[in-house]
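In my numbering, the protein residues as written are 96 to 405.
Every residue, glycine too, gets a C-beta built ideally from N, C-alpha and C.
All values reported here derive from a predicted model rather than from experimental measurement.
Here's the structure we're looking at; comments come further down.
Now the structure itself:
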């Protein structure tokens, strides 16, 4: 790290999750000057060492001669198991609501935690998110819209509805975790070749199968039956299972949120978003991919700018 880089810095953004954390050093215009990441997610740290680990992680970035650079953190670091709980803000939520609910991180000067979001208590469903809220607002801003349907693929995928700049509803689908459990800890994985290259044909067969009668629980066992009788090779079964689960998710939640002709904003990594995009194309849905890391940076930068607006 050269002194000139830190001299031009204005803000540090940390996306601190369950298993990993990522940090971004931004200049006065929100441009990225430097990045870093490690595996010190909240589950990999002694809770008593959050402050110490935080300082170690970005110490060289905060060596400014005048004052310590401000830091905004999002993700599971603000959960009950994290450094300090940042209480949920209930839907509907605007960016200004998140700014008003920022929580100071104990033991760290000029450092705040972005709160998560929950559905209103009166809702017929309970749901929560932490970290995705900044991605949602960052992605909406990047898209040039003030309304839309967003899909954030992941271990626990989020689908969200934004109207006139306000997050009004969202739903979590455990697609990624169910895939991992079925592949690695169930009878379905016994016949799978888990290291083979991606099989797009098998993936699309899974997406198509999600439209059949019987529901997901019945469809899951068909993965094994098709393998036993040779309809799916060992190398095809993993992608068929992936397509089946993503197909069920996309079919049900795109209907639930009445995805329109403007298309769904898919916010996440390129690889995972491509799978969702393939499923959406198969289902005659339009979509636009927005990189998840960029959405996080844009979302937190927008919060920071709003906090310091005149």
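Host beta strand (DSSP E) of residue i (start-end)
i           : result
residue 386 : 382 to 386
residue 118 : 116 to 122
residue 265 : 261 to 268
residue 243 : 243 to 247
residue 130 : 127 to 133
residue 358 : It is not in any beta strand (DSSP E) - residue 358 carries neither H nor E in the DSSP assignment.
residue 140 : No beta strand (DSSP E) holds residue 140; DSSP gives it neither H nor E.
residue 167 : 166 to 169
residue 283 : Where residue 283 is concerned, there is no enclosing beta strand (DSSP E), given that its DSSP letter is neither H nor E.
residue 206 : 206 to 208
residue 106 : 104 to 111
Beta-carbon gap between residue i and residue j smaller than 8 Å
i           : j           : result
residue 114 : residue 134 : yes
residue 360 : residue 234 : yes
residue 230 : residue 130 : no
residue 228 : residue 244 : no
residue 380 : residue 190 : no
residue 338 : residue 306 : no
residue 216 : residue 371 : no
residue 181 : residue 198 : yes
residue 210 : residue 194 : no
residue 200 : residue 179 : yes
residue 377 : residue 299 : yes
residue 362 : residue 387 : yes
residue 106 : residue 142 : no
residue 412 : residue 286 : Absent from the model: residue 412. The displayed extent of the chain is 96 to 405, so no value can be given.
residue 136 : residue 116 : yes
residue 173 : residue 393 : no
Among the options, nearest to residue i - alpha-carbon criterion
i           : options            : result
residue 265 : 274, 224, 301      : 224
residue 41  : 246, 139, 336, 256 : There is simply no residue 41 to check, as the chain begins at 96 and stops at 405 in what is shown.
residue 273 : 312, 395, 393, 256 : 312
residue 132 : 144, 379, 108      : 108
residue 157 : 142, 121, 144, 304 : 121
residue 127 : 395, 219, 402      : 395
residue 260 : 378, 177, 187, 153 : 187
residue 145 : 123, 221, 177, 354 : 177
residue 325 : 297, 303, 174      : 297
residue 175 : 164, 138, 147      : 138
residue 262 : 149, 242, 220      : 242
residue 365 : 355, 389, 347, 346 : 389
residue 104 : 140, 147, 163      : 163
residue 358 : 403, 402, 246      : 246
residue 170 : 226, 347, 369      : 226
residue 256 : 125, 214, 155, 369 : 214
residue 275 : 346, 334, 219      : 334
Other residues of its chain near residue i: CB distance less than 7 Å, five sequence neighbours each side excluded
i           : result
residue 270 : 252, 340, 341, 344
residue 330 : 288, 291, 294
residue 149 : 203
residue 250 : 271, 272
8 Å Cβ shell around residue i - same chain, five flanking residues per side excluded
i           : result
residue 238 : 360, 383, 385
residue 351 : 254, 266
residue 282 : 319
Residues near residue i in its chain [Cβ-Cβ closer than 6 Å; skip 5 each side]
i           : result
residue 161 : Residue placement at residue 161 is flagged as unreliable, the pLDDT there being 47, under the threshold of 50; a coordinate-derived value is accordingly withheld.
residue 168 : 109, 111, 208
residue 278 : 284
residue 192 : 184
For residue i, the first and last residue of its enclosing alpha helix (DSSP H)
i           : result
residue 329 : 329 to 351
residue 194 : 190 to 195
residue 303 : 295 to 304
residue 258 : Unbroken run through residue 258 is the beta strand (DSSP E), 252 to 258; no alpha helix (DSSP H).
residue 375 : 365 to 377
residue 238 : 227 to 238
residue 317 : 311 to 323
Any 3 or more C-beta pairs closer than 8 Å across the region 204 to 219 and the region 308 to 325: Judged by Cβ distances under 8 Å, the region 204 to 219 makes no contact with the region 308 to 325, as fewer than three pairs qualify.
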